[in-house]
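Okay, structure first, notes after.
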Amino acid sequence: MPTSPYAIEVDHLTVSYHARAALLDVSVRIERDQLVGVIGPNGAGKSTLIKAMLGFLKPDVGSVTIEGQDVQKVKGKVAYVPQRGSVDWDFPITVREVALMGRYQRIPWYASPSAADREAAKEALAIVRMTEFADRQIGELSGGQQQRVFLARALAQGSDILLLDEPFAGVDAATERAILEVLERAKKTGKTLVVVHHDLVTAAEYFDKLILIKQRMYAYGPPQAVLQEDLLSKVYEGRLRIFGKVFKEETT
Ligand SMILES: Nc1ncnc2c1ncn2[C@@H]1O[C@H](COP(=O)(O)OP(=O)(O)O)[C@@H](O)[C@H]1O
Ligand SMILES: [Mg+2]
541 MPTSPYAIEV
551 DHLTVSYHAR
561 AALLDVSVRI
571 ERDQLVGVIG
581 PNGAGKSTLI
591 KAMLGFLKPD
601 VGSVTIEGQD
611 VQKVKGKVAY
621 VPQRGSVDWD
631 FPITVREVAL
641 MGRYQRIPWY
651 ASPSAADREA
661 AKEALAIVRM
671 TEFADRQIGE
681 LSGGQQQRVF
691 LARALAQGSD
701 ILLLDEPFAG
711 VDAATERAIL
721 EVLERAKKTG
731 KTLVVVHHDL
741 VTAAEYFDKL
751 ILIKQRMYAY
761 GPPQAVLQED
771 LLSKVYEGRL
781 RIFGKVFKEE
791 TT
């Protein structure tokens with residue numbers, strides 16, 4: 541049984557690239573069964589925070605704990621959907637194979653995927669409604685379909701914790717809805733999800749809690765507590781337009 545009440549604990553985390561801190565003294569404790577959004581302007585360290593939660597990056601200072609254990613000891617326990625731009629979409633692999641990749645760490649090096657592994661991949665593709673595309677090459681899919689296939693890979697892994705880096709970027713409104721429904725369903729089955737999200741307008745609607753960062757931690761809490769004008773204007777430094785009670789980052 542898990543000993544920690546938290547799914548993820550980030551404790552005084554500082555992470556640098558070439559001696560420049562991308563994250564500085566960031567601490568946050570994420571409870572289980574939550575759908576958590578990560579917001580902040582471009583270059584704020586959102587992707588870096590996700591990678592640190594996966595144990596991909598070595599912190600200068602601080603630690604990341606997953607369900608009570610040091611992240612380095614439980615690497616692979618956390619499922620990940622990378623930012624779309626970081627994937628080689630020309631890599632020759634089918635939709636079915638991508639979903640099956642979610643099972644690889646459970647398969648010993650000397651063995652082939654079992655019937656149960658194939659079943660888990662199949663189920664995950666059904667959840668994201670990509671079954672009919674199973675034999676397609678991933679390069680032949682639309683952006684939204686590719687995103688759903690990577691979500692299937694993460695679901696097939698069977699992890700209790702899913703980290704997603706901008707899953708809604710570059711997808712149409714219908715796909716955004718479909719992905720959100722899958723995330724909400726995953727939450728109801730006891731998963732904890734941390735999702736980098738670019739759009740402040742929908743952030744309040746989609747997430748139970750929000751993390752607001754820009755190198756440092758600015759806020760963590762329910763959307764109405766985090767989406768405060770004073771906080772946002774500090775973090776976005778005038779790059780925000782305010783429509784009534786709604787905030788939108790200027791992208792031009
Ligand atoms: N691999 C890397 N090498 C050097 N600098 C990086 C690297 N990845 C990110 N950075 C820098 O770290 C900061 C945070 O980046 P990132 O976490 O990607 O921000 P976000 O996802 O919020 O846009 C930025 O200044 C970025 O340029
Ligand atoms: Mg990013």
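Heads up, the sequence shown is in my numbering, so the first residue is 541 and it goes up one at a time. Cβ atoms here follow ideal geometry from the backbone N, Cα and C, with glycine treated the same way.
Can you check which of these residues, the options, is closest to residue i by C-alpha distance?
i       : options                               : result
His-552 : Met-593, Ile-633 and Val-766          : Met-593
Tyr-758 : Ile-548, Arg-560, Lys-586 and Tyr-557 : Lys-586
Ile-606 : Lys-598, Lys-617 and Asp-600          : Lys-617
Phe-690 : Ala-713, Val-722, Glu-659 and Ala-714 : Val-722
Ser-773 : Lys-749, Leu-740 and Leu-575          : Leu-740
Ala-726 : Ala-713, Gly-710 and Gln-697          : Gln-697
Thr-729 : Pro-763, Asp-573 and Ala-547          : Asp-573
Ile-570 : Arg-658, Lys-613 and Val-604          : Val-604
Tyr-776 : Lys-749, Ser-544, Thr-543 and Gly-583 : Gly-583
Tyr-746 : Ser-544, Leu-575 and Thr-543          : Leu-575
Ser-544 : Gln-677, Glu-769 and Gly-608          : Gly-608
Gln-687 : Gln-645, Asp-628, Thr-732 and Ala-655 : Asp-628
If you reduce the DSSP assignment to three classes, tell me which class residue i lands in.
i       : result
Ala-619 : strand
Ser-626 : helix
Thr-792 : Model confidence at Thr-792 stands at a pLDDT of 48, short of 50, so the residue's coordinates are unreliable; what they give is reported in the following sentence. The answer is coil: DSSP assigns Thr-792 none of H, G, I, E or B.
Leu-750 : strand
Met-670 : coil
Gln-686 : helix
Ile-633 : coil
Arg-646 : helix
Gly-679 : helix
Ser-544 : coil
Val-578 : strand
Asp-657 : helix
Glu-777 : coil
Arg-756 : strand
Taking only the alpha-carbon atoms, compute the straight-line gap between residue i and residue j and give it to the nearest angstrom.
i       : j       : result
Pro-581 : Thr-671 : 36 Å
Ile-667 : Thr-742 : 23 Å
Pro-622 : Arg-756 : 22 Å
Thr-715 : Leu-752 : 25 Å
Val-735 : Tyr-650 : 35 Å
Lys-662 : Arg-636 : 7 Å
Tyr-546 : Val-568 : 10 Å
Ile-548 : Asp-712 : 31 Å
Ser-626 : Gly-595 : 17 Å
Pro-632 : Phe-673 : 15 Å
Leaving out five residues on either side along the sequence, give the residues of the same chain with a beta carbon under 7 Å from the beta carbon of residue i.
i       : result
Thr-792 : The pLDDT assigned to Thr-792 is 48, lower than 50, so where the model puts this residue is not dependable; a value taken from the coordinates is nonetheless given after this. The answer is none, since no qualifying residue turns up.
Pro-653 : Leu-640, Arg-643 and Ile-647
His-738 : Glu-706 and Ala-709
What does residue i pair with, by DSSP beta-bridge criteria?
i       : result
Asp-800 : Outside the displayed span of the chain (541 to 792) sits residue 800, for which this structure offers no information.
Val-566 : Leu-553
Arg-560 : Tyr-557
Gly-761 : Leu-750
Ile-701 : Val-618 and Thr-732
Near residue i, what residues of its chain come up, given a Cβ to Cβ distance below 6 Å and the 5 sequence neighbours on each side ignored?
i       : result
Asp-630 : Gly-679
Ala-517 : Here the chain has residues from 541 to 792 only, and residue 517 is not among them.
Ala-562 : Val-555, Gly-585 and Thr-588
Excluding the five sequence neighbours on either side, which residues of its own chain have a C-beta within less than 8 Å of the C-beta of residue i, listed in chain order?
i       : result
Lys-731 : Asp-573, Ser-699, Asp-700, Ile-701 and Leu-702
Leu-597 : Val-555, Thr-588 and Lys-591
Arg-676 : Thr-634 and Val-635
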